[in-house]
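Counting along the sequence shown from 1, when you hit position 176 you're at 188 in our numbering, and nothing is skipped either side. Every residue, glycine too, gets a C-beta built ideally from N, C-alpha and C. Remember, it's a predicted structure, so these values are computed and weren't measured experimentally.
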Amino acid sequence: MTKAIYGGPVFEMARQQFKRVADHLEILEMERDRLLYPKRAIAVSCPIHRDDGRTEVFQGYRVQHHLTLGPTKGGTRFSQVDIGEVAALAIWMSWKCALAGLPYGGAKGGITVDPYALSPRQLEALSRRYMQEMIPFVGPHTDVMAPDMGTNEQVMAWFMDTYSMYQGQTINEIVTGKPISAGGTLGRREATGRGVSYLVARALDHLGISAGSATAIIQGFGNVGSVTAYSLAEKGVKIIGVSDHTAAYYDPTGLNIADLQRHMAKRGQLAGFSTQSFAEPSELLVQKCDVLVPAAVERVITGENASQLKCRILAEGANGPTTPEADSVLQQRRDEIFVLPDILCNARGVIVSYFEWVQDLQRLFWEETEVFDRLYRILERSFQQTIACAKRDRISHRMAAMAIGVSVVQSAKRTRGLFPWCSKRATLIEPECHRLAIAAVSQIRENRQAQPERINV
Ligand code: NAD
Numbered sequence: 013m014t015k016a017i018y019g020g021p022v023f024e025m026a027r028q029q030f031k032r033v034a035d036h037l038e039i040l041e042m043e044r045d046r047l048l049y050p051k052r053a054i055a056v057s058c059p060i061h062r063d064d065g066r067t068e069v070f071q072g073y074r075v076q077h078h079l080t081l082g083p084t085k086g087g088t089r090f091s092q093v094d095i096g097e098v099a100a101l102a103i104w105m106s107w108k109c110a111l112a113g114l115p116y117g118g119a120k121g122g123i124t125v126d127p128y129a130l131s132p133r134q135l136e137a138l139s140r141r142y143m144q145e146m147i148p149f150v151g152p153h154t155d156v157m158a159p160d161m162g163t164n165e166q167v168m169a170w171f172m173d174t175y176s177m178y179q180g181q182t183i184n185e186i187v188t189g190k191p192i193s194a195g196g197t198l199g200r201r202e203a204t205g206r207g208v209s210y211l212v213a214r215a216l217d218h219l220g221i222s223a224g225s226a227t228a229i230i231q232g233f234g235n236v237g238s239v240t241a242y243s244l245a246e247k248g249v250k251i252i253g254v255s256d257h258t259a260a261y262y263d264p265t266g267l268n269i270a271d272l273q274r275h276m277a278k279r280g281q282l283a284g285f286s287t288q289s290f291a292e293p294s295e296l297l298v299q300k301c302d303v304l305v306p307a308a309v310e311r312v313i314t315g316e317n318a319s320q321l322k323c324r325i326l327a328e329g330a331n332g333p334t335t336p337e338a339d340s341v342l343q344q345r346r347d348e349i350f351v352l353p354d355i356l357c358n359a360r361g362v363i364v365s366y367f368e369w370v371q372d373l374q375r376l377f378w379e380e381t382e383v384f385d386r387l388y389r390i391l392e393r394s395f396q397q398t399i400a401c402a403k404r405d406r407i408s409h410r411m412a413a414m415a416i417g418v419s420v421v422q423s424a425k426r427t428r429g430l431f432p433w434c435s436k437r438a439t440l441i442e443p444e445c446h447r448l449a450i451a452a453v454s455q456i457r458e459n460r461q462a463q464p465e466r467i468n469v
């Protein structure tokens, strides 16, 4: 059975989260596997020449969760991934896109590799070979890639170029997160981190804390973490702790952001930044602060450390940083800690990616103000809907965000029916959250009407 190929702790996390939401939504058992398990999973071997002349084969994956709302959409990760992790990330992308009202299913891809151990030539070779292997499975109307951990704009440009070379024409819309010169959109590079910072500001406001008096600790200092830190600092938040895979620094009086920026521009990693404010990486997460932003890897907020967190806001820049065991603890601490769940908190990246795809399809590029106007309307709506649903149904923010996302997908699957034949339609119990799902589906319709090109489902 296909679902037997998925396993591991990250997939188990996605499965448990889905079960909790499905129980809350009273989704019938017979519908659950169809909603949870991915439509397709592809595994490929990617051989490249190493710089010393050896040939080495890397394992690559792509998982497409569902194609009910449109093409699938999701990042490509170069790290020590396995198929279960990629599948979990694809599933989370589905709920994230549905919550934001985007006409996509979720996807994710990855290569099991340490990207920091590759020379630039090897990185290009591996990126191109991976895309070449993926050509039969992806397309602008089937599955659209984007950057994620260990990949960046340059990798997206190589993906786009490789795909285009094989098609004999330039097809920008095959990936998003590209440089502007390769068909990228204004506002994408910093989108995810700036979105995290925007929602943190909304949460601070909600709690009556002024940004100027707030402190923040950020784990992970790549695309998402560093932009979040710089953007929060612009809003007046004092950054007192940062970490990446090379080092962790903590200074309760505030780290010097200008120095951090200069150091990162020169070295590309935190190691060597300071000799005075070294910190134990695992200790960083449990230091007192107003805003804690995990922006690196999964499963760092656990059943063990959740009770020790001393933050007011947990803003999940990373995907899947909080385990279901930690969620149970955080639910008990809901009056102390305001959680911005990943599928809401880091959604700005995929929203701007959606705008990039629409612009590429139309060959009509927007002013930055247009990108931001549309973006904030979607982010604000998702924020308000999540808070309202959580309050009304007395559930956690994560449960509320996921309930809206899952309901949108469930509703679309129900409306489309089951190909090729259905003898009897299932009758579903519709909780209050479903009303919000319908509103989100209407938004998808509006978004579609804004596009001249038909979406091929
Ligand atoms: P990145 O590769 O640019 O940065 C990852 C950062 O995490 C690096 O600074 C790395 O040193 C650090 N890191 C790795 N292991 C660590 C550890 N054990 N402890 C502390 N730091 C560690 O990746 P990114 O694009 O910033 O993605 C980070 C997270 O955000 C991922 O979960 C990703 O899925 C999620 N995300 C990214 C985007 C995007 O647009 N790039 C969008 C949504 C979500």
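Looking at the ligand NAD, does it come within less than 7 Å of Q231, judged from the CB to the closest heavy atom? yes
Does the beta-carbon distance from I103 to G82 come in below 8 Å? No, the pair does not count as a contact, with Cβ atoms beyond the cut-off.
Mapping the DSSP letters down to three states, classify A26 as helix, strand or coil. In the three-state DSSP reduction, A26 falls in the helix class (H, G or I).
Taking three-plus beta-carbon pairs below 8 Å as touching, is the segment 358 to 374 in contact with the segment 419 to 434? no
With C301 as the anchor, note down where its beta strand (DSSP E) starts and where it stops. Per DSSP, C301 belongs to no beta strand (DSSP E) and is neither H nor E.
Go ahead and label L342 buried or exposed: buried means 16 or more other beta carbons lie within 10 angstroms of its beta carbon, across all protein chains shown. buried
For the beta strand (DSSP E) that contains G121, what are its first and last residues? G117 to T124 is the extent of the beta strand (DSSP E) around G121.
Buried or exposed: A413, going by 16 or more other Cβ atoms within 10 Å of its Cβ? buried
Does the distance between the C-beta of N358 and the nearest non-hydrogen atom of the ligand NAD fall short of 7 Å? Indeed, a heavy atom of the ligand NAD lies less than 7 Å from the Cβ.
Would you say N317 touches the ligand NAD, meaning its beta carbon is less than 7 Å from a heavy atom? no
Could you check whether the segment 84 to 93 touches the segment 321 to 330, counting it as contact only if at least three pairs of C-beta atoms, one from each stretch, sit closer than 8 Å? no
Three-state secondary structure (DSSP) at F290? Note: F290 maps to strand in three-state DSSP.
Three-state secondary structure (DSSP) at D155? Three-state result, D155: strand.
Just the Cα atoms here: how many angstroms apart are S243 and R206? 6 Å
Alpha helix (DSSP H) runs contained entirely in the segment 14 to 92, provided each spans 4 or more residues: For the segment 14 to 92, whole alpha helix (DSSP H) runs of length 4 or above, ordered along the chain, are 21 to 37 and 41 to 48.
To the nearest angstrom, how far is the alpha carbon of P152 from that of V187? 8 Å
I need the straight-line Cα distance from L31 to I390, nearest angstrom please. The question names Leu, but residue 31 is Lys in the sequence shown. Distance between the alpha carbons of K31 and I390 is about 27 Å.
What is the rounded straight-line gap between the Cα of L219 and the Cα of L373? 41 Å
Between which two residues does the beta strand (DSSP E) harbouring I221 extend? Taken as a continuous stretch (DSSP letters only), I221 belongs to no beta strand (DSSP E), as it is neither H nor E.
Cβ pair D94, T124 closer than 8 Å: yes
Specify the secondary structure class of L373 as computed by DSSP and reduced to three states. helix
Is A308 near the ligand NAD, judged by its Cβ being under 7 Å from some heavy atom? yes
Through-space distance from Y175 to P132, alpha-carbon basis: 20 Å
Mind checking whether A327 and C301 have CB atoms under 8 Å apart? no
Specify the secondary structure class of A424 as computed by DSSP and reduced to three states. helix
Reduced DSSP secondary structure (H/G/I, E/B, other) of I147: The DSSP-derived three-state label of I147 is coil.
Should E41 be labelled buried (16 or more other beta-carbon atoms within 10 Å of its own) or exposed? exposed
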